[in-house]
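A.B. asks: Per our numbering, the sequence shown starts with residue 136, numbered consecutively.
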Amino acid sequence: MSEPNTTQQKVDALQQDVNAFISENLTEEMVQGARLGFGINRELGTRWHQAIHQRGWIAPDWPVEHGGTGWGIREKQVFSDAMALAGAPMIMPFGIDMVGPVIYTFGTQAQKDQHLPSILDGSTWWCQGYSEPGSGSDLASLKTSAVRDGDHYVVNGQKIWTTNAHKADWIFALVRTDPDAKAQRGISFLLIDMNTPGLEVKPIVSIDGMHHLNQVFFENVRVPVENLVGDENAGWTYAKFLLGNERAGIANVAASKRQVGRLKEIAKAEADGMGDSLSSSSDFMMRLAAVEVQLNALAAQEARVIASMESTGSPGDAASMLKIIGSEVEQNLHALRVEAIGYYSLPFEVPLIRGESNLPAPGPDYAVSAVADMNFSRAASIYGGSNEIQRNVMAKGVLGL
Ligand SMILES: Cc1cc2nc3c(=O)[nH]c(=O)nc-3n(C[C@H](O)[C@H](O)[C@H](O)COP(=O)(O)OP(=O)(O)OC[C@H]3O[C@@H](n4cnc5c(N)ncnc54)[C@H](O)[C@@H]3O)c2cc1C
């Protein structure tokens, strides 16, 4: 067969490659594990990560010299859409989407050599140590301190809502290195080995019955100074760079497309007389159509943000818009799903699926029910910076108010 030469031919060829890869590598076990989102078992998540890594596709947004694919926007879209439409496990964002780009952009050569290979091959898992009790939206008020003592920083304080801290090998943490400077100016960005003495992880069980959130306590945790990223007291700059990428990633367009497809199938089956729920009513169809229109507009906006990222290296403040609309679409679809499948969406007793937590069961586990998913989707308008905060960012940065 001749080599593809036009852009369209290249995109079509990639589409075929990706589809073939999915049918060869994506097992039913992985699709089931993917339904747990962040709660996926680490071994299963890593197996999927490594399969994609071996194919060379794990970091489409990274520069080629650091292991990126060199794809343009359309190739990236083809890839992420195919993965989400197939129901593949998400690639954990903390390494590939968050700390990886910070390290290759602002880190030392030693940090790049130490961390980028294991982020790419999925052998190291990371978690994000930003939020603290009382410092979520007002992140710059964070209090966890890092005091220089010879070749180390001594870290004391507490992080909260730390997703997958119990599964992670490393945490990237914002710490206060200058208590006297104006809030944003006294913050630094540290890479901390989770096995360092004095660091303790305590679980938080969320409304879906799952354990993926944690508190992380630091008591005289000694961190080598070479684990500081960039300059001391300049961490806010790196933190904001990372948050922009995080918000752009939360739009979840392809996953929502999959959800719309499934809801249409259910509604069609109902309309064909195969069920008795509300999903064939014209009111339901109208609401589903309205969410689909919102999703299509979001997809167009996402393509614009990706294009801007390619030219400027950063999604900019428009990432906030993706985060707001993406999370609203996700929540609307989860509510429609519960309505569509009626009583099948209710909590029911199933064998406990809690990722790798060894916590005892609090009662009936409904981690795999539509109601549990709908409840947890409420968090989408909180994490990555709440939607109210994103509206403030938009008002200031995009509308100039
Ligand atoms: C499921 C989940 C996973 C998370 N994972 C992580 C993680 O891995 N790492 C991490 O560091 N953090 C994580 N977070 C924390 C998340 O970033 C914070 O919850 C979020 O930033 C909000 O902070 P807060 O919870 O302290 O709420 P608060 O800041 O106390 O806000 C409470 C309410 O007040 C509103 N509000 C606050 N300030 C303003 C304002 N100026 N204008 C208008 N409204 C305002 C907020 O929108 C919100 O509705 C996670 C959170 C959730 C729910």
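We put the beta carbon where it would ideally sit given N, CA and C, even for glycine.
Since the model is a prediction, treat every value here as computed from it, not as a measurement.
What span of residues does the alpha helix (DSSP H) with phenylalanine 156 cover, start to end?
C.D. replies: Counting from 1 along the sequence shown, the entry for residue 156 is found at position 21. Start and end: 142-160.
A.B. asks: Whole angstroms is fine: what's the gap from alanine 194's alpha carbon to leucine 251's?
C.D. replies: Counting from one through the sequence shown, the residue named residue 194 turns up at place 59. Counting from one through the sequence shown, the residue named residue 251 turns up at place 116. If I take the Cα positions, the gap works out to 11 Å.
A.B. asks: In this structure, what does DSSP give as the bridge partners for serine 280?
C.D. replies: The residue labelled residue 280 in the question sits at position 145 within the sequence shown. Answer is Asn291, Arg311.
A.B. asks: Output the distance between the C-alpha atoms of leucine 171 and proline 268, rounded to the nearest integer angstrom.
C.D. replies: Stepping through the sequence shown from its first residue, residue 171 is reached at position 36. Stepping through the sequence shown from its first residue, residue 268 is reached at position 133. Their Cα atoms are separated by approximately 26 Å.
A.B. asks: Taking the Cβ atom as the reference point for each residue, do methionine 456 and valine 533 lie within a distance shorter than 9 Å?
C.D. replies: Here residue 456 is taken as the residue at index 321 of the sequence shown, counted from 1. Here residue 533 is taken as the residue at index 398 of the sequence shown, counted from 1. Taking 9 Å as the Cβ cut-off, methionine 456 and valine 533 qualify as a contacting pair.
A.B. asks: Check whether the Cβ atoms of alanine 369 and serine 323 sit closer than 9 Å, and answer yes or no.
C.D. replies: Against the sequence shown, residue 369 aligns to sequence position 234. Against the sequence shown, residue 323 aligns to sequence position 188. Closer than 9 Å, so yes.
A.B. asks: Tell me, to the nearest whole angstrom, how far the beta carbon of glycine 168 is from that of isoleucine 175; I am working on the premise that it is less than 8 Å.
C.D. replies: To locate residue 168, count along the sequence shown from 1; it is residue 33. To locate residue 175, count along the sequence shown from 1; it is residue 40. Confirmed, Cβ separation roughly 5 Å.
A.B. asks: Near alanine 221, which residues of its chain fall below 7 Å by C-beta distance, leaving aside the five closest residues on each side in sequence?
C.D. replies: Position 86 of the sequence shown holds residue 221. Within the same chain, alanine 221 has close Cβ partners Ile157, Leu161.
A.B. asks: Please go through the same chain and pick out, in chain order, the residues whose beta-carbon is closer than 7 Å to the beta-carbon of glutamate 354, but skip the five residues on each side of it.
C.D. replies: Within the sequence shown, residue 354 is the residue found at index 219, counting from 1. By the criterion of a C-beta distance shorter than 7 Å, glutamate 354 is surrounded in its chain by Asn291, Gly333, once the five residues flanking it on both sides are discounted.
A.B. asks: Asparagine 522: which of Glu463, Leu481, Gly396 sits nearest, CA to CA?
C.D. replies: Here the question's residue 522 lines up with position 387 in the sequence shown. Looking at the Cα atoms, Glu463 is the closest of the given residues.
A.B. asks: Just to confirm, is the Cβ distance from tryptophan 197 to glycine 230 under 9 Å?
C.D. replies: Counting from 1 along the sequence shown, the entry for residue 197 is found at position 62. Counting from 1 along the sequence shown, the entry for residue 230 is found at position 95. For tryptophan 197 and glycine 230, no; Cβs fall outside 9 Å.
A.B. asks: Give me the Cα-Cα distance between isoleucine 327 and alanine 453, rounded to the nearest whole angstrom.
C.D. replies: As a position in the sequence shown, residue 327 is number 192, starting the count at 1. As a position in the sequence shown, residue 453 is number 318, starting the count at 1. Going from the Cα of isoleucine 327 to the Cα of alanine 453 covers about 31 Å.
A.B. asks: Return yes when the C-beta of glutamine 167 is under 8 Å from any heavy atom of ligand 1, and no when it is not.
C.D. replies: Mapped onto the sequence shown, residue 167 falls at position 32. Answer for glutamine 167: no, Cβ out of range of ligand 1.
A.B. asks: Quick one: Cα of glycine 344 to Cα of alanine 507, how far?
C.D. replies: Position 209 of the sequence shown holds residue 344. Position 372 of the sequence shown holds residue 507. Their Cα atoms are separated by approximately 8 Å.
A.B. asks: Considering only their Cβ atoms, is the gap separating isoleucine 226 from serine 266 smaller than 9 Å?
C.D. replies: Taking the first residue of the sequence shown as position 1, residue 266 is located at position 131. Taking the first residue of the sequence shown as position 1, residue 226 is located at position 91. Taking 9 Å as the Cβ cut-off, serine 266 and isoleucine 226 do not qualify as a contacting pair.
A.B. asks: Which one or two residues does DSSP pair with tryptophan 261 in a beta bridge?
C.D. replies: The sequence position of residue 261 within the sequence shown is 126, counting from 1. Looking at the DSSP assignment, tryptophan 261 forms a beta bridge with Trp305.
A.B. asks: Tell me where the alpha helix (DSSP H) around isoleucine 238 begins and ends.
C.D. replies: The residue you call residue 238 lines up with position 103 of the sequence shown. Note, isoleucine 238: alpha helix (DSSP H), 235-241.
A.B. asks: Write down the C-beta distance between leucine 363 and serine 391 rounded to the nearest angstrom, noting that I regard them as a contact closer than 8 Å.
C.D. replies: The count along the sequence shown starts at 1 and reaches residue 363 at position 228. The count along the sequence shown starts at 1 and reaches residue 391 at position 256. Wrong, their Cβ atoms sit about 38 Å apart, outside the cutoff.
A.B. asks: Between the C-alpha atoms of alanine 281 and leucine 309, what's the straight-line distance to the nearest angstrom?
C.D. replies: Translated into positions along the sequence shown, residue 281 becomes position 146. Translated into positions along the sequence shown, residue 309 becomes position 174. If you take the alpha carbons of alanine 281 and leucine 309, they lie about 9 Å apart.
A.B. asks: Suppose you measure from the CA of glutamine 189 to the CA of leucine 536; what does that come to, to the nearest Å?
C.D. replies: If you number the sequence shown from 1, residue 189 lands on position 54. If you number the sequence shown from 1, residue 536 lands on position 401. Distance between the alpha carbons of glutamine 189 and leucine 536 is about 47 Å.
A.B. asks: Would you check whether ligand 1 has a heavy atom nearer than 8 Å to the C-beta of tyrosine 518?
C.D. replies: Numbered from 1 along the sequence shown, position 383 holds the residue referred to as residue 518. At least one heavy atom of ligand 1 is nearer than 8 Å to the Cβ of tyrosine 518, so yes.
A.B. asks: Sorted by chain position, which residues of the same chain lie with C-beta nearer than 8 Å to valine 609's C-beta, five sequence neighbours on each side aside?
C.D. replies: Absent from the model: residue 609. The displayed extent of the chain is 136 to 536, so no value can be given.
A.B. asks: Specify the secondary structure class of isoleucine 339 as computed by DSSP and reduced to three states.
C.D. replies: Residue 339 sits at position 204 when you count from the first residue of the sequence shown. Under the three-state reduction of DSSP output, isoleucine 339 falls in the strand class.
A.B. asks: In whole angstroms, what separates the C-alpha of serine 215 from that of methionine 165?
C.D. replies: In the sequence shown, residue 215 corresponds to position 80, counting from 1. In the sequence shown, residue 165 corresponds to position 30, counting from 1. Straight-line Cα distance between these residues: approximately 16 Å.
A.B. asks: Let me confirm a value: glutamine 394 is counted as buried when at least 16 other C-beta atoms fall within 10 Å, else exposed. Which label applies?
C.D. replies: One-based indexing of the sequence shown puts residue 394 at position 259. Buried.
A.B. asks: What does the Cβ neighbour count give for threonine 447, buried or exposed, with the cut at 16 atoms within 10 Å?
C.D. replies: Residue numbering aside, residue 447 sits at position 312 when the sequence shown is read from its first letter. Exposed, because fewer than 16 other Cβ atoms sit within 10 Å of the Cβ of threonine 447.
A.B. asks: Which runs of the alpha helix (DSSP H) at least 4 residues long sit entirely within the segment 174-226? Give them in chain order.
C.D. replies: 177-190, 208-220
A.B. asks: Of all the options Ala300, Ala505, Gln143, which has the alpha carbon lying nearest to the alpha carbon of arginine 177?
C.D. replies: Taking the sequence shown and counting its residues from 1, the one referred to as residue 177 is at position 42. When only C-alpha atoms are compared, the closest one is Ala300.
A.B. asks: Under the assumption that valine 146 contacts valine 199 (Cβ atoms under 8 Å), give the Cβ distance between them as a whole number of angstroms.
C.D. replies: For the purposes of this step, residue 146 is taken as residue 11 along the sequence shown, with counting starting at 1. For the purposes of this step, residue 199 is taken as residue 64 along the sequence shown, with counting starting at 1. The pair is not a contact, with the Cβ atoms about 18 Å apart (cut-off 8 Å).
A.B. asks: Buried or exposed, going by whether 16 or more other CB atoms sit within 10 Å of the CB of lysine 458?
C.D. replies: Your numbering for residue 458 matches position 323 in the sequence shown. The residue in question, lysine 458, is buried, as its Cβ has 16 or more Cβ neighbours within 10 Å.
A.B. asks: Quick check on valine 528: buried or exposed, where buried means 16 or more other Cβ atoms within 10 Å of its Cβ?
C.D. replies: Here residue 528 corresponds to residue number 393 of the sequence shown, with the count starting at 1. Label assigned to valine 528: buried.
A.B. asks: Apart from the five residues just before and just after asparagine 467, which ones in its own chain have a Cβ nearer than 7 Å to its Cβ?
C.D. replies: For the purposes of this step, residue 467 is identified with residue 332 of the sequence shown, where counting begins at 1. These residues qualify, in order along the chain: Val426.
A.B. asks: Rounded to whole angstroms, how far is the Cβ of leucine 325 from the Cβ of methionine 233, which I believe are closer than 8 Å?
C.D. replies: For this step, residue 325 is matched to residue 190 along the sequence shown. For this step, residue 233 is matched to residue 98 along the sequence shown. Not quite, the Cβ-Cβ distance comes to about 14 Å (not below 8 Å), so this is no contact.
A.B. asks: Cutting at 8 Å between CB atoms, please list the residues of its own chain near glutamine 143, excluding the five before and the five after it.
C.D. replies: What you label residue 143 is simply residue 8 of the sequence shown in a count that begins at 1. Taken in chain order, the list of residues that qualify is empty.
A.B. asks: Tell me the DSSP bridge mates of proline 359?
C.D. replies: Reading the sequence shown from its first residue, position 224 is the one you call residue 359. Its beta-bridge partners are His287.
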